[in-house]
Structure formats: C-alpha cells, structure tokens
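Below: the structure, in structure tokens.
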Amino acid sequence: MRESRALGEVAILQDVPRRSVPRPDARRKARGLNGPRGSGPVATRIMSGLVISRLVVSRLILAALFAAGPVVASKAFAQEAAQPPAASSPAPAEGAQPLPRTAEELPALVPSTGNSGDAEDVTLPEKPAAVLKGGESSWDDGFKNLTESFTRIQDALAKAGLKPAGRPIAIFLSADDTHFRFEAMVPLAAPFPGGGEIAPGITAGVTPSGRALRFVHKAPYDEIDTTYEAITAYLDSKNMVAKDTFIEEYPSRTMDPDDPELEINVYVQPK
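Quick note: the sequence shown uses our numbering, first residue 5, plus one each step.
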C-alpha cells in the first residue's frame, strides 16, 4: 500500500486504506450531529458512483470546523484548456492528455518552499485577477462546470490581449445537498486597464490575501479525501478555527486525475 502524501499531520493517516472514504465518525462530525443524514447545519453530501462525491464529503469534513457563517465546501477543479504542442515538439502519444495552455509556466500564489511534509504558514499576497462570479453547479457536474469557468476566463483574457499571471483558483461560497456556489478567478500581472468588465460576467477583482496555512495534495485526484482528513486533524490538534472559506489552486501541468504527481494547493485561512 502506498503511503498517502497528503500534508498536515500525515502520520495519522498511515492506517487509512488507499481509496477509503472518510470514517463514519468523521461523517458524523461533518454533519454536526449524530442524527440522520441531512440533520445539522453541515449535512453530509454522500452520492454514489462518482469521484466528485468522495471529494464533496472530504471538503465537508473541513467545513465542519468553521465556527460561523454559511456552509462553505470548497471544490475547485481548475483545469486549463489544452492546446496542440508547438511545431518543434513531438505530438503526444495516442490516448495521452495534452498539456494545458501554460499551466507549467504559471506561478503559485506563494512560491513553494519544498517542505512537502509540513503545513506551511504563508502570507497570501493580494493580486489583481479576472473573476467570474455567480458560479453555480450541481455536485455531479462540478468538474465540468468549474473547468468551463476557467476556460471562459482564459478565452476572455486572450481576446483582450491579456495573459494569466497565476494558476486558476476557485473559492466556494455556499453549498447544499445538491448544489454549490463558487467564484472562479485567474490572477493577472496588472489590473484590467480601466477596470470594470472584460467580458460578460468577468470583472476585475483580487485574489484572497492574508495569513493562510498551505497544504499540498500530491497524489491521484480520487485520493484527496485523505488530504482533507489530514487538514481536519491538523486544525483540531492546533485548536485552530478557520474562516468561512478556503482556497484551492492547481499548479500541476496536467489535469489527469490518475496522475500520481497531480499537485493541488489547499489554502486555509485561520480566523
């Protein structure tokens, strides 16, 4: 069995099976009560058959630690649109997934320190961004809708002659049993000229800023539940209370969900 590479206090996860869903006690904690499904302010979202279902439950474990405000279950599936390789590059093998447009060249909100085994205490700088507000999706279609949101922002930037200066970010605003609301954004090197709206629904904004704890998930996509269990355990062990949102950032060069090197930054901001 390969040991999970989730950050936080990873040692507590060594006995968790590779593809296990959160333990029953964790599910009860996510609900906030030991009653039937749907009770409590943070009802567990358990749907069968889809990878996204597992991730919903994982994020609700962390959301249960939020002391006040609406239920916030972050679910960011940032995937950039693929483009053909340059003429000088060999074509990808049949069945291989092309690289996103510039994902490998875009910096993270905070440069990596290389401390892949610890939760990092970082300060998120405020950066200008192109923001798509009003995002809403069912959990079942979350991956598709978030991907389309990032592609929509990137296409608008390309038409305006602007280039992304950071990796795609998603912030979840609220959630219920079937849907979630989110904002998608792409950092920019400078604010929109003149500010305002660059395309319908896409406006000037800024990235989240301030103190945060960064956890790194580096494993196949469907193993991210162990990362969120590690985050929950870490916050519990430090008696920390998180703000009502948290942030996910995708710095990997590909979005192959089975890639063992898939790397996702999760930022949790303490109150």
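We put the beta carbon where it would ideally sit given N, CA and C, even for glycine. It should be emphasised that the depicted structure is a prediction, and the values quoted were computed from it without experimental measurement.
Spatial distance of residue i from residue j (CA atoms)
i    : j    : result
D125 : R218 : 6 Å
G205 : G138 : 8 Å
V245 : R215 : 13 Å
A188 : N243 : 30 Å
Y238 : E130 : 26 Å
K167 : P132 : 12 Å
A164 : A134 : 12 Å
D122 : S116 : 12 Å
G199 : L136 : 14 Å
A112 : A179 : 26 Å
D144 : E152 : 14 Å
K222 : D229 : 12 Å
D226 : T127 : 28 Å
I268 : V114 : 13 Å
8 Å contact criterion, which residue i and residue j should meet: CB distance rounded
i    : j    : result
I157 : E253 : So it is not a contact: roughly 14 Å between Cβ atoms.
I202 : A160 : 5 Å
F250 : V220 : Contact flag wrong, Cβ pair sits at about 14 Å.
V190 : F154 : 7 Å
R171 : L110 : 5 Å
CB of residue i within 7 Å of CB of residue j, strictly
i    : j    : result
A169 : L192 : yes
P224 : D262 : yes
S241 : T182 : no
F196 : F184 : no
Residue i, enclosing alpha helix (DSSP H) - first and last residue
i  : result
L1 : Residue 1 lies beyond the residue range present for the chain, which begins at 5 and ends at 275; the question has no answer from this structure.
N- and C-terminal bounds of the beta strand (DSSP E) containing residue i
i    : result
T127 : 124-128
A133 : 132-142
E267 : 267-274
Query raised in the report: Could you give the uninterrupted runs of the alpha helix (DSSP H) lying entirely in the stretch 210-261, keeping only those of 4 residues or more?
Result: 228-241
Query - beta strand (DSSP E) runs wholly inside the stretch 166-207, at least 3 long, in chain order - result: 173-179, 183-191, 201-203
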